[in-house]
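Residue numbers (the UniProt record's numbering): 1 to 418.
Idealized CB from N, CA, C, for every residue including glycine.
Below: the structure, in structure tokens.
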């Protein structure tokens, strides 16, 4: 009996776990095909550290070779067109040519932000070269300007300042507090205070006026001016604004699927496309219009729902709905800590101790290598410590189960070292 294809477009934080869950459940009747243009998984959560730590990108580039356990397949190509029963690729591959038919499809194309958080290269060699360009520029700079004070901008500033204490690092953000209104004021206040405590110059309520030609490479001094007339001299400028939602593929299926103002893909609570006739196609993660903060954790939770619903469709069972969650974040401020927002009891702040324990020290590198490649990152291959292996398989969601008992000890434990 020939198998039907289930196609996942996008091999990131939502696409990969969906593919793995579907293969585990449906490999006897369906073939799982992951379409991803990059040859390696790019663990973008750790990208800010690449500008300050040599060779750190080697830990963020994870091979897809061991992703599937059965006959699932990874196709390294870009999807350029979508119909209701096939995906068109930008090149011919293997037995499919440039068209891959499917019974079910998942759009997990995510979003792109400015470099170095996201990168353009497709191959490992191209990506390493991109990252090295930014790291080399930061290394020789005396003054670094970061345009944008969202999570990426904050983490970039902290990684640079904690590694190069003598460099002058400035963050310019157009709002009264860092981050955005999705997060409570107490969390934004704490992030602002903590970043300034590291010695970062934080300029709020001003917007840098610049064009692409104004961005330097560290060789020459550049002077930029904000909308309020503040002049800022810097050797390197890192852009941490302007996320672009990769919804164009869904638009090739039907332009009515795209919200005009946000460019997000419309989905139902089941994460199926919100249009008659497309019940067999889903969209998850950054690309869909679910009302919640866009982050890796959320993409993984949506992957659970999408996988369950495709399994339900295949067996003619009832579908489940995705329930958006409250704001949550672990914001790293270098390797030794940060500030976090936990979702229980209306939002509780976490400090250095907790953020370091769960994120800042390793940035979930071990976790993703274990889940995707079935092993450890290059620099940890010889580490056989039981504690290290235990941390390697720790899931982000498990964090909250471990934290709840600590809440009764008192909030002070979360701010130890703050």
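Cβ shell of residue i (< 7 Å), same chain only, five flanking positions each side left out
i, result
"residue 157", "146, 169, 171, 195 and 200"
"residue 225", "209 and 231"
"residue 227", "206, 207 and 209"
"residue 98", "88, 89, 91 and 92"
Residue i to residue j span [Cα, whole Å]
i, j, result
"residue 122", "residue 128", "10 Å"
"residue 205", "residue 33", "46 Å"
"residue 389", "residue 220", "Residue placement at residue 389 cannot be trusted, given a pLDDT of 39 that sits under 50; the coordinates are not used to answer."
"residue 182", "residue 2", "47 Å"
"residue 48", "residue 315", "43 Å"
"residue 372", "residue 90", "25 Å"
"residue 306", "residue 282", "7 Å"
"residue 278", "residue 84", "7 Å"
"residue 80", "residue 53", "35 Å"
"residue 222", "residue 95", "52 Å"
"residue 7", "residue 285", "16 Å"
"residue 100", "residue 86", "5 Å"
"residue 293", "residue 37", "25 Å"
6 Å Cβ shell around residue i - same chain, five flanking residues per side excluded
i, result
"residue 4", "30 and 103"
"residue 82", "249, 252 and 253"
"residue 132", "none"
"residue 376", "369"
"residue 280", "104"
"residue 56", "49 and 50"
"residue 113", "243"
"residue 173", "149 and 204"
DSSP beta-bridge partners of residue i
i, result
"residue 31", "5"
"residue 159", "BP columns for residue 159 are empty, so no partner."
"residue 101", "86"
"residue 329", "341"
Counted within 10 angstroms of its Cβ, other Cβ atoms place residue i as buried (16 or more) or exposed
i, result
"residue 308", "buried"
"residue 193", "exposed"
"residue 20", "buried"
"residue 11", "buried"
"residue 70", "exposed"
"residue 18", "buried"
"residue 162", "buried"
"residue 260", "exposed"
"residue 180", "exposed"
Same chain, Cβ closer than 8 Å to residue i, five either side skipped, listed in chain order
i, result
"residue 320", "270, 305, 308, 309 and 312"
"residue 165", "199"
"residue 274", "257, 266, 267 and 268"
Entirely enclosed alpha helix (DSSP H) segments - the segment 36 to 89, minimum 4 residues: Every alpha helix (DSSP H) of 4 residues or more that sits fully in the segment 36 to 89 is shown, in chain order, as 57 to 60.
Whole runs of the alpha helix (DSSP H) within the segment 146 to 222, excluding any shorter than 4 residues: For the segment 146 to 222, whole alpha helix (DSSP H) runs of length 4 or above, ordered along the chain, are 151 to 163 and 185 to 197.
Contiguous alpha helix (DSSP H) assignments of at least 4 residues, all confined to the segment 281 to 327: Those alpha helix (DSSP H) runs which fall completely within the segment 281 to 327 and span 4+ residues are 296 to 314.
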